[in-house]
Amino acid sequence: MGERRTVIPFGPQHPVLPEPIQLKLVLEDEKVVEALPQIGYIHRGLERLVKVRDFNQMVFVAERICGICSFQHAMSYCLSIERLMNIEVPERADYLRVIWSELHRVHSHLLWLGLMADAFGFEAMFMETWKIREAVVDMLEATAGSRVIISTCQVGGVRRDISPELLQQIVKLADDVQRRLKAIEHSILNDYTIKKRTVDKGIISKEQAWKLGAAGPTLRGSGVKWDARMIGYAGYKYLNFEPVVETAGDCYARTKVRFREMFAALDLLRQAIAKIPAGEINVKVKGNPEGEAFIQVEQPRGEVTYTVKANGTKNLEKMHVRTPTFANIPAFLTMLPGCELADVPVLALTIDPCISCTER
Amino acid sequence: MFGMLSPILKNGLGKPATRLYPFEKREAFDKARGQLEIDIDKCIFCGMCQRKCPSTCLSVEKAACKWELNPYNCIICGVCVEACPTKCLSLNKVYRTPVYVKENQIKIGKPPVKKTATKENS
Ligand code: SF4
Ligand code: SF4
């Protein structure tokens, strides 16, 4: 029996994966013994665009690496250029960046939670979480003018301010989202079916996660206390923040990390709004960047790193982005051997795959 | 198992979360970015918007007094609005509607005689 091996292609089009990645799953009966990934279906070559677009225009290209974490991509890019040019961003801009980042985190995690629930057939939860998410996305539109790709970051600060009334509305929204999340918390974290599908599935140990370079909730779900927000970029240096860590390293732990991270994000929103100072929102940028800079930023899916190299002209020489999903693929491939075929979609979703950022 | 009971009851007995779209429309937010508009009479065809546009969807021809926009490549970022020296560009709140044929938006203006003259003098 054990000799009979079957290879099943999982993706690039698959109901649970809205994005194209292919896994060749080698199966023995129903059990996965090996998984070979194939990426590159939608590679866009965005990093290469630095040769064509100037460094200010590149903000909008960076933003399009991923729709869901768009603001954080733009912010990471701007932070790296600001580091090159020694630009001091006004404090209000730092706070506004935190507010938009955390709104993005909440809506990304809600989106993920919906997809996750959908993956094991919990349609009602899918609709419930997306309903909550809608309010968050509406708030992004009310404050920035656009629902997903909000184009508010620029080198030297932000392009739009948020009025005090809107800030109060964000606080109200945070309370409302918190209340609605609390109402479904029990069904997500204690449900028999969800536990059956996630507990002790796809375990990856602390050492493995660290060695394989996992990022974000995948890393923290395995007990590693590392969150790039601890570095204190943008406005995070003014706020109290404790990373959410779970130790089990299984799918359930990763789900729990993301769920609790939403509360942490809502708390950060409230803190930022309570503390935000008045003042300028951007500074004028003169000259061209020169040198090399490296930036780490925590996105909803994990840590993104930007490396930029500039030579004093308006076009950068090189930009390199390491995105969280790309970093999580080795960990994902380590989780797969030994699991059942039916668990593969759930395992895939617990790393929150985003192929558009993997194939930037 | 009964964890979802309260959201389910609320959803069942409360108002629907969706709108009956074509009959009931949502008001656009004040800051919403819908479409790019130009007041061509104020344009001096300096080409600033074209140089700043990140998606290269604008082209300005000074000699022909032509301002051309490909609205389907425009990402509605508003960079051109901020860059325009005469403030003739603006973003309105209405989103683009779907079309069958994607046509460029071409505006022909008058040569900015007076404005450039006063600028050169000052
Ligand atoms: S920047 Fe303004 S004035 Fe200059 S060409 Fe563009 S629209 Fe016309
Ligand atoms: S809004 Fe942005 S993309 Fe559209 S024309 Fe202006 S600069 Fe170009």
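Sequences listed follow chains F and W, in order. Position 292 (the first sequence) corresponds to 292 in the UniProt record's numbering; numbering is contiguous. Position 100 (the second sequence) corresponds to 100 in the UniProt record's numbering; numbering is contiguous. Where a beta carbon is used, it is the ideal one built from N, C-alpha and C, also for glycine.
Cut-off 6 Å between Cβ atoms - residues of its own chain near residue i, not counting five sequence neighbours on either side
i	result
Asn121 (chain W)	Residue confidence is low: Asn121 (chain W) scores 45 on pLDDT, short of 50, so the model does not pin down where it sits. No coordinate-derived value is stated.
Thr350 (chain F)	Cys251, Arg254
Thr118 (chain W)	With a pLDDT of 48 at Thr118 (chain W), under the threshold of 50, the modelled position of this residue cannot be trusted, and the question is left open.
Met75 (chain F)	Arg97, Cys153
Ala117 (chain F)	Met125, Phe126
Gly302 (chain F)	Ala215, Gly216, Pro324
Same chain, Cβ closer than 7 Å to residue i, five either side skipped, listed in chain order
i	result
Glu27 (chain W)	none
Cys74 (chain W)	Leu36, Ser55, Cys57
Glu34 (chain F)	Val26, Pro337
Ser80 (chain F)	Ala293, Ile295, Tyr306, Val308
His109 (chain F)	Arg258, Glu261, Met262, Pro300
Cys84 (chain W)	Met48, Cys49
Tyr77 (chain F)	Met58, Val59, Ala62, Tyr306
Cys65 (chain W)	Phe45, Ile108, Gly109, Lys110, Pro111
Arg33 (chain W)	Ile76, Gly78, Leu91
Contacts of residue i in chain F (Cβ-Cβ under 7 Å)
i	result
Ala17 (chain W)	Lys131
Ile75 (chain W)	Phe60
Cross-strand partners of residue i (DSSP beta bridge)
i	result
Phe10 (chain F)	F:Leu23
His320 (chain F)	F:Thr307
Phe60 (chain F)	Answer by DSSP bridge pairing: none, since Phe60 (chain F) is not bridged.
Phe294 (chain F)	F:Thr307
Lys31 (chain F)	F:Glu28, F:Glu340
Lys104 (chain W)	Sequence check: residue 104 (chain W) is Asn here, not Lys. According to DSSP, Asn104 (chain W) bridges with nothing at all.
Cys153 (chain F)	F:Val158
Pro37 (chain F)	F:Leu23
Leu58 (chain W)	W:Leu69
residue 381 (chain F)	Shown here, chain F extends from 1 to 360; a query on residue 381 (chain F) therefore has no answer.
Leu17 (chain F)	F:His14
Presumed contact (8 Å Cβ cut-off) between residue i and residue j, rounded CB distance
i	j	result
Leu181 (chain F)	Ala135 (chain F)	The pair is not a contact, with the Cβ atoms about 12 Å apart (cut-off 8 Å).
Glu63 (chain F)	Val321 (chain F)	Not quite, the Cβ-Cβ distance comes to about 12 Å (not below 8 Å), so this is no contact.
Gly221 (chain F)	Ala253 (chain F)	4 Å
residue 387 (chain F)	Gly223 (chain F)	The requested residue 387 (chain F) is not part of the displayed model; chain F covers only 1 to 360.
Asn70 (chain W)	Asn104 (chain W)	5 Å
Ile150 (chain F)	Ser70 (chain F)	7 Å
Leu115 (chain F)	Arg133 (chain F)	Actually they do not touch by this definition, with Cβ atoms about 11 Å apart.
Tyr238 (chain F)	Lys275 (chain F)	6 Å
Lys102 (chain W)	Ile38 (chain W)	18 Å between Cβ atoms; not a contact.
Asn315 (chain F)	Asp54 (chain F)	6 Å
Lys31 (chain W)	Gly145 (chain F)	4 Å
Ile87 (chain F)	Val283 (chain F)	6 Å
Ile203 (chain F)	Ala331 (chain F)	With 8 Å as the limit, Ile203 (chain F) and Ala331 (chain F) do not qualify as a contact, their Cβ atoms being about 11 Å apart.
Per-residue contacts from residue i into chain W (C-beta, under 9 Å)
i	result
Ala144 (chain F)	Lys31, Arg33
Ala124 (chain F)	Met4, Pro7, Ile8, Asn11
Ser151 (chain F)	Arg33, Ile75, Ile76, Cys77, Gly78, Val79
Closer than 7 Å at the beta carbon, the chain W residues around residue i
i	result
Ala183 (chain F)	Ser6, Pro7
Gln57 (chain F)	Pro54
Glu141 (chain F)	Phe29, Ala32
Arg53 (chain F)	Pro54
Glu128 (chain F)	Pro7
Interface residues of chain F facing residue i [CB-CB closer than 8 Å]
i	result
Pro71 (chain W)	Chain F residues near Pro71 (chain W): none, gap ~16 Å exceeds 8 Å.
Cut-off 8 Å between Cβ atoms - residues of its own chain near residue i, not counting five sequence neighbours on either side
i	result
Val32 (chain F)	Leu25, Val26, Leu336, Pro337, Gly338, Cys339, Glu340, Leu341, Val344
Val280 (chain F)	Correcting the residue type first, residue 280 (chain F) is Glu in the shown sequence and not Val. For Glu280 (chain F), where only same-chain residues beyond five positions count, the Cβ hits under 8 Å are Pro90, Arg92, Ala93, Gly157.
Thr247 (chain F)	Lys206, Ser222, Gly223, Ala253
Pro16 (chain W)	none
Ala184 (chain F)	Residue 184 (chain F) is actually Ile in this sequence, not Ala. Answer for Ile184 (chain F): Met125, Glu128, Thr129, listed in chain order.
Neighbour list for residue i in chain W, Cβ cutoff strictly below 8 Å
i	result
Glu47 (chain F)	In chain order: nothing, as chain W lies at least about 16 Å away.
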